[in-house]
Each structure stands twice: as C-alpha cells, then as structure tokens.
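Residue 38 in my numbering sits at position 38 of the sequence shown, and the numbers go up by one each step. Where is the CB? At the ideal position from N, CA and C, for every residue including glycine.
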Amino acid sequence: MAVPGGGSGDVLYLQYAGVIGSAKDIDDANTAIKTAFDRLKAEGDEVIDGSWIGTAADKLDEGWQQWQQGIHKIVNALDHETGLVVKAATALKHASESL
1 MAVPGGGSGD VLYLQYAGVI GSAKDIDDAN TAIKTAFDRL KAEGDEVIDG SWIGTAADKL
61 DEGWQQWQQG IHKIVNALDH ETGLVVKAAT ALKHASESL
C-alpha cells in the first residue's frame with residue numbers, strides 16, 4: 001500500500017509487507033475458490049455423467065460447462081493479477097532501496 005510520506009512534497013512510500021500480505025490473502029482466497037470448485041465439480045460430474053439423459057440433462061450440462069469456464073477465468077485472472085502486484089511491489093521496493 002502506498003501511504004503519504006512524512007516529509008515535504010507529494011511523496012508516497014510503499015508498505016511492502018502490507019502489499020505482500022494482501023497479495024497472500026488474495027492468493028489464499030483464490031486457493032479456497034479452487035478447492036471448493038474441485039469439490040463441486042466432482043459432485044456435479046457425478047450427477048451429469050451418470051444415467052441422467054435427455055433435454056434437461058443437456059441444458060444443465062451446457063450451463064455447467066459455462067460455469068466451469070467462468071470459474072477458470074476468475075481464478076486464472078486472480079493468479080495473474082496477484083503475480084503482477086507482487087512483481088510491481090518488489091520492483092518498487094528495489095528501486096526505492098537503490099535511491
């Protein structure tokens with residue numbers, strides 16, 4: 001997190017530990033989403049891949065596939081963005097240390 005500096009001027013200082021802590025919290029939440037998704041997917045696949053057939057089963061399967069794709073997009077985006085935050089915070093930390 002960037003916070004106003006104590007000196008004069010419009011200077012911001014990075015609270016590196018806070019940024020990394022927040023990124024870890026996001027990563028932990030994303031891991032929980034993945035774990036819950038895997039559990040729900042196993043249960044859903046059991047129903048859909050079972051003996052249930054017909055129009056209703058086909059419609060459910062279509063929505064089920066879209067839902068899975070959506071979850072994959074969300075967790076991949078969170079992984080990507082969290083990585084970018086950590087990379088940017090680390091670069092800012094190194095840059096400020098070299099000043």
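The same chain holds no residue with a CB closer than 7 Å to that of L99 once the five nearest residues on each side in sequence are set aside. Annotated as proximal: A89 and Y16, with beta-carbon spacing under 8 Å.
In this structure, DSSP gives L40 a helical state, which the three-state scheme calls helix. In terms of Cβ geometry, I48 and A57 form a close pair [threshold 8 Å]. Of all alpha-carbon atoms in A23, L12, L14 and K41, the one lying nearest the alpha-carbon of V86 is that of A23. For I71, the enclosing alpha helix (DSSP H) starts and ends at T55 to E97.
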